[in-house]
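So the sequence lines, in the order shown, correspond to chains A and B.
Take the first sequence: its position 60, counting from 1, is numbered 49 in our numbering, and each next residue is one higher.
Take the second sequence: its position 175, counting from 1, is numbered 164 in our numbering, and each next residue is one higher.
Ideal Cβ placement from N, Cα and C applies to all residues, glycine included.
This report concerns only the one structure given below.
Protein chains: 2
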Amino acid sequence: MKTRDKILLTSLMLFNEEGEPNVSTVDISNEMDISPGNLYYHFKGKKFIIVELYKQFEQELVEILQAPINKEINMKDGWFYLYVVFEHLYKFRFFYNNLSDILQRHPDIRKSFKRLIKLKSNTSKTLLVFLIEQQILNIKQEEMPEVTENIIIILTHWINHASFRDIADKEVMIIHRGVFQIMSLIAPYFNDDYRYVYQQARHFYETLLAESSSEAKSFR
Amino acid sequence: MKTRDKILLTSLMLFNEEGEPNVSTVDISNEMDISPGNLYYHFKGKKFIIVELYKQFEQELVEILQAPINKEINMKDGWFYLYVVFEHLYKFRFFYNNLSDILQRHPDIRKSFKRLIKLKSNTSKTLLVFLIEQQILNIKQEEMPEVTENIIIILTHWINHASFRDIADKEVMIIHRGVFQIMSLIAPYFNDDYRYVYQQARHFYETLLAESSSEAKSFR
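Structure, rendered in structure tokens:
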């Protein structure tokens, strides 16, 4: 692995674990056992690392968001797809945990992030329309903008929101609960023949929650 | 008005308009036409102003959140109540626009904010239970935790989220849309006899939106 890639990977890990504002370039070079000068040779400051990580984040998310367009999907694919999205968001959680701050410090990232949210919105709409056409969901045309926007809000803010709430000892529950929050949001729109998918999602989530800590239970 | 109160009011206005990280104590004293020394006599730094504003914010919100408990309410009261909450959040929007950053810099505010979210959650649950008992809403017991949490997410993150989205020229549309997002979230749970309240909310929102800018239309 190249030093440059290793710097990015180490930074991502430290940012996620310690919170981006609490990690300096010295912390990163210490963790890697390289000199600050060596790190500086690759990145002329923390902000260049953040910009590069954001680029990776964006590129991967764009690929994920463009995947389902022009494909037929069923409800279980939709459920699975939510996991793919949330796992990606979680991989770059330092960004969501400090969203407003990072966007304020980096106007370029802010612009690009606004476009990304538009793409999220388009993909959500496309998926919902597929599911409506297959009579899996029943959402009126006029209700689409608000339903889509509520999905986007939960997608965008869940990881940060979860940090104010004591969900579970196991961090992976943040992903499970995030997916389930969105499944719950669209649950009332399921046609009767497909409600079993929501019941499966609930059963799946509740089983995992029961296996998780007692702290998790207090959240409910 | 006492100088101390005037400092708080001026700070709130500047924080809301410019963003809290972009406002210094010198900016505040300049805006008030007082000396930095005079400001320093009242507050020994910006962080003390933030803590004091948070206290005001918290105190007012606690009063609002405790109001509906133990009272009978109908659906229109619920709709109106959402306005009261959102107007309060909007009054202190600098806080929501920079939430993760402020909570990271102020661990005491973070603790207190977590309690505040619990209170939000309790109030939402209480309101929903009232509306279910009066057969206005139909939400199954098992669905309550997720429905409540989705309401809390939108209440907590809408104002920040709206800043990534081009909603309207008129800032007041942020409040209207926030209220309508929550009305839309609970819309599928309305019993048939009460769906007209949701239709009224939609009509109200759409009329205001049409009166607003063309930029607003592009958001839909």
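Residue-chain proximity (residue i, chain A), Cβ-Cβ < 9 Å
i: Tyr72 of chain B; result: no
i: Ala220 of chain B; result: One cannot answer for residue 220 of chain B here, as it falls past the ends of chain B, which runs -10 to 209.
i: Ala205 of chain B; result: Note that Ala205 of chain B has pLDDT 46, beneath the 50 cutoff, so the model's placement of it is unreliable and the number below is only indicative. With 9 Å as the cut-off, Ala205 of chain B does not count as an interface residue toward chain A.
i: Met2 of chain B; result: no
i: Ser101 of chain B; result: no
i: Asn5 of chain B; result: no
i: Arg(-7) of chain B; result: no
i: Asn63 of chain B; result: no
i: Ser173 of chain B; result: yes
i: Phe193 of chain B; result: no
i: Phe75 of chain B; result: no
i: Thr196 of chain B; result: no
Terminal residues of the alpha helix (DSSP H) in which residue i lies
i: Lys44 of chain B; result: Lys35 to Gln55
i: Ala190 of chain A; result: Arg184 to Glu200
i: Ile106 of chain A; result: Pro96 to Glu122
i: Val136 of chain A; result: Met133 to Ala151
i: Lys80 of chain B; result: Met64 to Lys80
i: Asp(-6) of chain A; result: Thr(-8) to Glu7
i: Ile156 of chain A; result: Per DSSP, Ile156 of chain A belongs to no alpha helix (DSSP H) and is neither H nor E.
i: Leu28 of chain A; result: Pro25 to His31
i: Ser13 of chain B; result: Unbroken run through Ser13 of chain B: none, as it is neither H nor E.
Beta-carbon spacing of residue i, residue j below 9 Å
i: Gln123 of chain A; j: Asn63 of chain A; result: yes
i: Ile38 of chain A; j: Thr14 of chain A; result: yes
i: Thr(-8) of chain A; j: Asn27 of chain A; result: yes
i: Val136 of chain A; j: Ser173 of chain B; result: yes
i: Phe81 of chain A; j: Val168 of chain A; result: no
i: Phe4 of chain B; j: Phe83 of chain B; result: yes
i: Ile143 of chain B; j: Gln170 of chain B; result: yes
i: Ile23 of chain A; j: Ser0 of chain A; result: no
i: Phe179 of chain A; j: Asn139 of chain A; result: no
i: Glu9 of chain B; j: Ala176 of chain A; result: no
i: Asn86 of chain A; j: Ser89 of chain B; result: yes
i: His165 of chain B; j: Tyr194 of chain B; result: yes
i: Val51 of chain A; j: Leu108 of chain A; result: yes
i: Trp294 of chain B; j: Ala190 of chain B; result: An answer regarding residue 294 of chain B cannot be provided, because it is not within the stretch -10 to 209 covered by chain B.
7 Å Cβ cut-off: residues of chain A touching residue i
i: His146 of chain B; result: Ile142, His146 and His150
i: Phe179 of chain B; result: What Phe179 of chain B touches in chain A: nothing, since even the nearest Cβ is about 10 Å away.
Within-9 Å CB hit, residue i to chain B
i: Tyr185 of chain A; result: no
i: Gln130 of chain A; result: no
i: Arg209 of chain A; result: Caution applies to Arg209 of chain A, whose pLDDT of 48 falls short of 50 and renders its modelled position unreliable; the value that the coordinates give is listed next. Output row for Arg209 of chain A: interface = yes.
Contact list for residue i against chain B, beta-carbon separation under 7 Å
i: Gly8 of chain A; result: Gln93
Interface residues of chain B facing residue i [CB-CB closer than 8 Å]
i: Gln170 of chain A; result: Glu135, Glu138, Asn139 and Ile142
Where residue i meets chain B, residues with beta-carbon distance less than 9 Å
i: Phe69 of chain A; result: Residues of chain B passing the Cβ test: none, with the nearest at roughly 19 Å.
CB contact check: residue i to chain D, cutoff 9 Å
i: Glu122 of chain A; result: No chain D appears in the structure shown, which is made up of the protein chains A and B.
Inset, instruction - Return the residues of the segment 81 to 97 of chain B that lie within a Cβ-Cβ distance of less than 7 Å from chain A, sorted by chain order. - result: Among the residues of the segment 81 to 97 of chain B, those with a Cβ less than 7 Å away from any Cβ of chain A are Asn86, Asn87, Leu88, Ser89, Asp90 and Gln93, in the order of the chain.
Inset, instruction - Taking only beta carbons into account, state which residues of the segment 26 to 50 of chain B come closer than 9 Å to chain A, listed in chain order. - result: Cβ contacts with chain A: none found.
Inset, instruction - Could you please tell me which residues of the segment 103 to 124 of chain B, in chain order, have their CB closer than 8 Å to any CB of chain A? - result: Listed by position, the residues of the segment 103 to 124 of chain B near chain A (Cβ gap below 8 Å) are Lys103 and Ile106.
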